[in-house]
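If you read the protein sequences in the order shown, they are chains A and B. Its first residue numbered 1, the first sequence is counted upward by one per residue in this note's numbering. Its first residue numbered 247, the second sequence is counted upward by one per residue in this note's numbering. C-beta atoms are modelled at their ideal positions from N, C-alpha and C, and glycine is treated no differently. Since the structure is predicted, the reported quantities are computational estimates derived from the model, not experimental observations. Beneath this line is the structure, given in structure tokens, with notes to follow.
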Amino acid sequence: MDSILEIRHLEKSFGDHAVLRDISFSVKKGDVICIIGSSGSGKSTLLRCVNFLEEPTGGEILYHGKNAEKEWKRTLYNSKVGMVFQSFNLFGNHNVLENCVLGQMQVLKVKRVEAEERALTYLKRVGMDAYRAARPAQLSGGQKQRVAIARALCMEPEVLLFDEPTSALDPEMVGEVLYVMQDLASAGMTMLIVTHEMSFARDVASRVLFMDGGVIVEDAPPQQLFSHPEQPRTQEFLKRVLARQL
Amino acid sequence: MNVPTSFFGWVSFLLDRYGQLFLQGTGVTLLVALSGTVLGFVIGLLVAIVRTIPLPKGPWYRQLPLRVVYFLLNVYIEVFRGTPMIVQSMVIYYGSMMIGLIKRGTPVLPAAIFIVSINTGAYMAEIIRGGIISVDKGQKEAATAIGMTHWQAMTHVVLPQAVRNIMPSIGNEFVVNIKDSSVLNVISLSELYFTGKSAAGNYGRYFESFFIIACIYLVLTFTVTRILRLVERKMDGSKNYTIYGSQSDSHSSITISEEEA
């Protein structure tokens, strides 16, 4: 089957400092790819390069076989490749419903009635439809992140990028967000997830990428990567992290 | 004619005589300050939106047009912030008369509004730039990430929050304009200060006349500040919100009210 996204030899450097070096992998429909690695390994930068929040300094990204930077209109590409942020980034000047409606009306030119209907559908899916009239500041972290997921879903994206979606949450709220993500995964949503939640990666991912020092060290299905990591760097990382988490 | 002998006697005498004139002057002052602030705000918004457009990638000649625009906007801001409005009004008014843009004897009001707007615009551009910086950059990123253009992100997400944050400074500008429109008396705009000067000159009662004028200015600025505080509170939205539906009844709702701490 053809890839939705194909990352080829992606490079990113800030000045002299190379953050990503020769990153290549492809994303197929229905893939749930978790990207793990210690902080500073370039995971988030990679995700941010995929939707051009950071401009890559080398390589290319193909979306349905066409160069995402040159052959796709940036706004269209961005609406098809959704993003969920670590710090939620809900629009502070709009209530929950409006957060989900705004992009549809502005970018997809959907009529308000239809946009609201779709917004409520997705808000219901993440269990936040009751809070449609609340402002972001009135919600808990977990609630905000669920609304942020609904906002991304409202654009009916083909791929969703998650940049450490649970890292800013209090421990008791992590579960509700992971639950929603798991639900999306089982419904066939294509997702690219930067995470520190090893058990989530093990249970939900179809593939796990381990990054270190700006390169992908290992790219394998979770059973293999977690039980029989091939690379010494992966083994060392997992030993350190799993001892703490499990 | 009975000439008053006391301070309050003169005050009420002048009020009686020139009340109508003062009222007109107040109207002109308010009109110039209000339209100057509003137009200046619009100028500031546009300048700020343009100045926050990210430079395109690529060779220098693709960045050139935007860099030229940045440069011109900076010149505008520096010139109008760096010279007194009283001097600007002389230069602009008599300058445009010299090059034949306006004729001697044309009403001075439009020129006055133009001067205050363009002057305020220069300050507003910087104030709004500050406001934009104060909005978390994740807001722009989130808007970009769902496919919004720079313009859409600015007008629907960033600027509304930026403007809320700078409301106190906008209020300041309005108050400053109410007071500083008085310098427009140099191009014979019959605003509040100008009417006070006329009234004072006729009887040589400067203290009494300008005491009245001072009181009117104070009432104006105080009222404006209060109104702006109300606007700010309105912008913050309701402290209450409603939660819709419950497990047993999907049409029920409860309203959560947050008391101010």
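For the region 298-311 of chain B against the region 348-368 of chain B, do three or more pairs of beta-carbon atoms, one drawn from each stretch, fall closer than 8 angstroms, so that the two count as touching? no
Own chain partners of residue 57/A with C-beta closer than 8 angstroms, once the 5 adjacent residues on each side are dropped: 11, 12 and 13
Min CB distance residue 402/B to chain A below 8 angstroms: yes
Residue 6/A versus residue 137/A - alpha carbon distance: 37 angstroms
Could you check if residue 163/A is buried or exposed, using at least 16 other CB atoms within 10 Å of its CB as the buried criterion? buried
Proximity test, Cβ basis, 8 angstroms: residue 372/B and chain A: no
Nearest chain B C-beta to residue 18/A closer than 8 angstroms, yes or no? no
What does residue 67/A pair with, by DSSP beta-bridge criteria? 62/A
Along the chain, which unbroken stretches of the beta strand (DSSP E) at least 3 residues long are found entirely within the region 169-240 of chain A? 190-194, 207-212 and 215-220
What span of residues does the beta strand (DSSP E) with residue 396/B cover, start to end? Unbroken run through residue 396/B is the alpha helix (DSSP H), 396-399; no beta strand (DSSP E).
Using a Cβ cut-off of 8 angstroms, pull out every chain A residue sitting near residue 446/B, in sequence order please. Chain A residues near residue 446/B: none, gap ~49 angstroms exceeds 8 angstroms.
Just curious, the alpha helix (DSSP H) that residue 481/B is in, first and last residue? 452-482
Quick check: what's the CA-CA separation for residue 313/B versus residue 294/B? 14 angstroms
At a Cβ threshold of 8 angstroms, is residue 407/B touching chain A? yes
Expected contact under 8 angstroms - CB spacing of residue 408/B and residue 264/B to nearest Å: The pair is not a contact, with the Cβ atoms about 43 angstroms apart (cut-off 8 angstroms).
Is residue 497/B helix, strand or coil by DSSP? coil
So that I know if they touch, is there some Cβ in chain A lying closer than 8 angstroms to that of residue 387/B? yes
By the three-class DSSP mapping on this structure, what secondary structure does residue 53/A have? coil
Just mark residue 184/A as buried or exposed, buried being the case when its beta carbon has 16 or more other beta carbons within 10 Å. buried
Helix, strand or coil at residue 36/A [DSSP, three-state]: strand
Can a CB atom of chain A be found closer than 8 angstroms to the CB of residue 351/B? no
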